[in-house]
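The listed protein sequences derive, respectively, from chains A and B.
Residues in the first sequence are numbered from 376 upward in steps of one, following the working numbering.
Residues in the second sequence are numbered from 376 upward in steps of one, following the working numbering.
Some notes on the structure that comes next.
Protein chains: 2
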Amino acid sequence: MDTRSLGVFLSVAETLNFSRSGAALHMSVSAVSRTVARLEAEVGQPLFERDRRNVLLTRAGREFREFARRTLGEWQHLQRQLGSEGELAGEVSLYCSVTATRTLLAPILASFRSDYPAVDIMMHTGDQADGISRILGGQDDLAVSIRPLELSRRMDFLPLLHSPLQFCMPAAPCQVRERVLEDLARGGIQWSGVPLIVPERGTTQEMLEDWLRERGIRPRIYAQVAGHEAIVAMVSLGLGVGIAPQLVIEASGVGEGVEVLSLEEAPLPVLSIGLAALRQRLASPLVRALWDVAGRTYPAAL
Amino acid sequence: MDTRSLGVFLSVAETLNFSRSGAALHMSVSAVSRTVARLEAEVGQPLFERDRRNVLLTRAGREFREFARRTLGEWQHLQRQLGSEGELAGEVSLYCSVTATRTLLAPILASFRSDYPAVDIMMHTGDQADGISRILGGQDDLAVSIRPLELSRRMDFLPLLHSPLQFCMPAAPCQVRERVLEDLARGGIQWSGVPLIVPERGTTQEMLEDWLRERGIRPRIYAQVAGHEAIVAMVSLGLGVGIAPQLVIEASGVGEGVEVLSLEEAPLPVLSIGLAALRQRLASPLVRALWDVAGRTYPAAL
DNA sequence: TGTTATCTTGCGTAAAACGCTAAATAGTGG
DNA sequence: CCACTATTTAGCGTTTTACGCAAGATAACA
């Protein structure tokens, strides 16, 4: 019996539907099934009555639900109580890009500091693309990141907002801009002729690669750059056409200097931006606190 | 947080000594250390104050101890309550040798049937040597077995009584008996001349092999037989010198027909005989019930 | 009768837990 | 004062567990 299993059981006891609980808990149906089966073996009695069509709590199941609620409640209470005592001792380390600090993180951190004034936040900034590996490597507790295409099972991701990936070009007249405008007037961009400034690594780099491959485009890469902010900066200098989340383009100091290229016929994917953390670390009350504040700050996150 | 961790914590909270708790719980010190460390990370505060010499509960630790006691108590209560309701449905399967049924098991089963009249016991008998593999293979819940030399971590073993492994020879005058007596009179058995009847496999077979190897003895194997009872039977027929636990020799119907050979200068090991089960299965209340009854029936087991 | 929704099971893989051994540290006795 | 013991923690390789995927099974439904 562990807290995770209790959570799964309570979810199923509420939905009375293994599949829906699985979806809600971000786990496969089979994992839910086996978790319940394990509990039943430990208790020695079936907790649910399933007849392929309906799932119902047995009498034992109802009693177990009481126990589960009580135990889980007390555990969380204890965690909060003891955990918050330790605020002074602990600190939460957070990895994010410069843009994230000013946009997404600002309201979260404001809330957090007023709720938990005693917690120190150790913030590291850098290329957003490195966030996931820093989390996996245990170097930071939390990272603001784009949801990776493949999410490790050790990790949890809390989506906070969405922003489309966009191409952008210099706003001021220059060779690159004229070339793009000409192409657009003729009906389509000749990618082979446009200098492209792309992310060096990370999710957006993979997405762009997929997008190009699907369309059979062999682009002319002008530069591979670490950090979307740097890409936008280079674009604003007229060095080429770049790619970055719309959020970054808008928030960049040089926002005036670049213009979004909207390719309606073949849009780039929309990014899910949020917090990433190891499940393990999320058991720590400090980390969980920041996570929860973030979720409350962006309730539309769903 | 899971029940196992709570148990470890409570043990350490009592002994205030990681090593001793490790020994008591049949786990390594490092496992104890890490289990406590995990709990501390989950709670967000140290539960023990350790200064290399002393281990003390912190204030958080004392609060956690209350929680742990309460939770573990309720869990066990629930397990017993719901588990015993299910008696009618469940059955416990038990693997043992014929001898075990009549000796070791008799008092246990008597107790058990009066305590839990509704539980069916599905008993399978056979060569004791197969018990461990039947447990590991999940074919039976419990097995009466000799403690294996290597105990899988998935398994738990409850020692109930001890019995020395013994050589035995025919009690009636015959060629084999005379030969042995002659050898003994001259100071030592000439193993190469004595027909030996040995276990086909299992712990006693391994032990005998070790014993022989250590002494550089190349025995004359007359027969490899499955089951100690069969060995004793063959010995009583005058076919050779056999090896079996003293318990089996005494309990065998042909006990009169065989005589124990006491080799004081180089005794065979003493066997620990008891119950074996998968830890997993022991979580089931039914299995646990029989296990507990056995422990109560042989309290001198320690 | 085919389709859909739902739970369970087999199999290969990824993560967690463990034991062993070594390191670090403090008390003890010769 | 130093060897020696007792104790907790950390690295490393191995065992055990949990998971996701895909197939199986079963019942409702169209």
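Cβ coordinates follow ideal geometry from the N, Cα and C atoms, glycine included.
With a cut-off of 8 Å, does the C-beta of residue i fall near any C-beta of chain B?
i                      : result
residue 493 of chain A : no
residue 376 of chain A : yes
residue 389 of chain A : no
residue 671 of chain A : no
Name, please, each residue of chain A whose Cβ falls closer than 9 Å to the Cβ of residue i.
i                      : result
residue 406 of chain B : Those do not exist, as residue 406 of chain B stays about 17 Å from chain A at its closest Cβ, beyond 9 Å.
Need the endpoints of the beta strand (DSSP E) that residue i sits in, please.
i                      : result
residue 617 of chain B : 616-620
residue 500 of chain B : 495-500
residue 652 of chain B : 645-653
residue 511 of chain A : Where residue 511 of chain A is concerned, there is no enclosing beta strand (DSSP E), although the alpha helix (DSSP H) it sits in stretches over 506-511.
residue 592 of chain A : Here residue 592 of chain A belongs to no beta strand (DSSP E), and DSSP marks it neither H nor E.
residue 432 of chain B : 430-432
residue 636 of chain B : 633-636
residue 570 of chain B : 570-574
Give the interface partners of residue i over in chain B, defined as CB-CB distance under 8 Å, in chain order.
i                      : result
residue 417 of chain A : 454, 658, 659
residue 457 of chain A : 418, 419, 420, 435, 438, 439
residue 449 of chain A : 442, 445, 446
I need the boundaries of the alpha helix (DSSP H) containing residue i, first residue and last residue.
i                      : result
residue 550 of chain B : 550-560
residue 531 of chain B : First-last for residue 531 of chain B: 530-545, but that is the beta strand (DSSP E), not the alpha helix (DSSP H).
residue 674 of chain B : That residue, residue 674 of chain B, is in no alpha helix (DSSP H); it is neither H nor E in DSSP.
residue 396 of chain A : 393-399
residue 412 of chain B : 404-418
residue 425 of chain B : From DSSP, residue 425 of chain B is part of no alpha helix (DSSP H) but of the beta strand (DSSP E) over 423-425.
residue 612 of chain A : Counting along the chain, residue 612 of chain A falls outside any alpha helix (DSSP H), and DSSP gives it neither H nor E.
residue 486 of chain A : 480-490
residue 381 of chain B : 378-390
residue 518 of chain B : Here residue 518 of chain B belongs to no alpha helix (DSSP H); instead the beta strand (DSSP E) covers 517-521.
residue 473 of chain A : 473-477
Judging by CA-CA distance, which residue of the options is the nearest neighbour of residue i?
i                      : options                    : result
residue 500 of chain B : B:432, B:452, B:602, B:546 : B:602
residue 544 of chain A : A:473, A:556, A:488        : A:556
residue 549 of chain B : B:434, B:611, B:416        : B:611
residue 564 of chain B : B:636, B:426, B:575        : B:636
residue 453 of chain B : A:619, A:418, A:561        : A:418
residue 670 of chain A : A:531, A:442, A:523, A:403 : A:531
residue 495 of chain B : B:662, B:674, B:667, B:673 : B:662
residue 388 of chain B : B:376, B:440, B:397, B:413 : B:440
residue 425 of chain A : A:438, A:455, A:392        : A:392
residue 607 of chain A : A:625, A:595, A:592, A:590 : A:625
residue 428 of chain A : A:394, A:437, A:434, A:407 : A:394
residue 643 of chain A : A:539, A:438, A:513        : A:539
residue 478 of chain B : B:537, B:435, B:529        : B:537
residue 668 of chain B : B:480, B:628, B:571        : B:480
residue 535 of chain B : B:646, B:399, B:594, B:413 : B:646
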